[in-house]
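Chemist:
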Amino acid sequence: MRKMATILLFAVILAGCSSTGTNNPNKDSSATVVRDVSWGMTMGEVKKRENSDPVEEHADEGYLIYNDSLFGMPVQLIYDFDKDKLHGVEYDFESDNTSFDQLLEQYLLLREKLSEKYGDPSKDNYDAMTANQSNDEILERMKRLADSIQTVWMIKDKKTKVKLNVSDYGGGSNFLYIVYSNSSDEEQETKL
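Just so you know, the numbering used here puts 1217 at position 45 of the sequence shown, and the rest follows in order with no gaps.
(1) Just list the alpha helix (DSSP H) runs in the stretch 1216-1254, keeping only unbroken ones of 4 residues or longer that don't cross its boundaries, in chain order.
(2) Mind checking Ser1241: buried by the 16 CB within 10 Å criterion, or exposed?
(3) Got a sec, what are the start and stop residues for the beta strand (DSSP E) Asp1273 sits in?
(4) Using 8 Å as the cut-off, can you tell me whether the stretch 1348-1356 makes contact with the stretch 1259-1271, which would need three or more C-beta pairs spanning the two stretches below that distance?
(5) By the three-class DSSP mapping on this structure, what secondary structure does Thr1194 have?
(6) How is Ser1306 classed by DSSP in three states: helix, strand or coil?
(7) Using the three-state DSSP reduction, which class does Lys1257 fall into: helix, strand or coil?
(8) From the DSSP output, in three-state form, read off Phe1347 for me.
(9) Since Tyr1279 contacts Leu1336 with CB under 8 Å, what's their CB separation in whole angstroms?
(10) With the cut-off set at 9 Å, would you say Thr1204 and Lys1330 are in Cβ contact?
(11) Looking at the ligand HEM, does it come within less than 8 Å of Ser1345, judged from the CB to the closest heavy atom?
(12) Can you tell which of Pro1246, Glu1284, Leu1276, Tyr1251 has its C-alpha closest to the C-alpha of His1230?
(13) From Leu1275 to Asn1269, what distance separates their C-alpha atoms?
(14) Is Ser1267 helix, strand or coil by DSSP?
So this is what it looks like as structure tokens:
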């Protein structure tokens, strides 16, 4: 009888161990995308991972906004949800009162830092757009064409696309941002 109880207890413990860990993508560090979050997490789970309260929370529209900094630069951090499941993370860099030259310098710093972290980009139009051109020439071209410079990294094992973008649409409309998106979502959209 005692032997049977020991075997039963061992079986229960073994079953408990096998039902935790890798079956939960939120506990699996290999599934972590950025900032200790994973695709598919709920809004509540993401909020628990952050060290502060969001400055804006729009559950009905599916996003959370935090003020933060990245590489010493102020950013708005935006978590985007679809049906209460995380499918995008965006860093919007402060571009008000920032010249395009300053944004381009920040873009180059971010491009370097992201390349150190993720390796060579999968897609990069920086070199093609800026070859043998001064910042003034780049700025003029971007104003004329309402263009942007973009670098993309695909992180296949995390099913993540990382897009760094700097844009100038004229009239002081300059943008610098990084978007992490679930590449599985994009694959699904492509199949439709």
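Ideal Cβ placement from N, Cα and C applies to all residues, glycine included.
If you're wondering where the values come from, they're calculated on a predicted model, not measured in any experiment.
Modeler: Per the coordinate set shown:
(1) none
(2) One-based indexing of the sequence shown puts residue 1241 at position 69. Looking at its Cβ environment, which holds fewer than 16 other Cβ atoms inside 10 Å, Ser1241 is exposed.
(3) Locating residue 1273 in the sequence shown gives position 101, where the first residue counts as 1. Careful: Asp1273 lies outside any beta strand (DSSP E), inside the alpha helix (DSSP H) at 1272-1290.
(4) yes
(5) The residue labelled residue 1194 in the question sits at position 22 within the sequence shown. A caution first: Thr1194 carries a pLDDT of 28, below 50, which makes its placement in the model unreliable, though a value can still be read off. Reduced to three states, the DSSP call for Thr1194 is coil.
(6) Residue 1306 sits at position 134 when you count from the first residue of the sequence shown. Note: Ser1306 maps to coil in three-state DSSP.
(7) Start at 1 with the first residue of the sequence shown, and residue 1257 comes out as number 85. If DSSP states are grouped into helix, strand and coil, Lys1257 belongs with the strands.
(8) The count along the sequence shown starts at 1 and reaches residue 1347 at position 175. Of the three classes helix, strand and coil, the one that applies to Phe1347 here is strand, per DSSP.
(9) As a position in the sequence shown, residue 1279 is number 107, starting the count at 1. As a position in the sequence shown, residue 1336 is number 164, starting the count at 1. Correct: roughly 7 Å between the Cβ atoms.
(10) Taking the first residue of the sequence shown as 1, we reach residue 1204 at position 32. Taking the first residue of the sequence shown as 1, we reach residue 1330 at position 158. Yes. Within cutoff.
(11) Among the ligands in the structure shown, none appear at all, so the ligand HEM cannot be discussed.
(12) By one-based count along the sequence shown, residue 1230 stands at place 58. Measuring from the Cα of His1230, the nearest candidate turns out to be Tyr1251.
(13) Along the sequence shown, one-based indexing puts residue 1275 at 103. Along the sequence shown, one-based indexing puts residue 1269 at 97. Approximately 10 Å, taken between the alpha carbons.
(14) Looking up residue 1267 in the sequence shown gives position 95. In the structure shown, Ser1267 sits in coil (DSSP, three-state: anything other than H, G, I, E or B).
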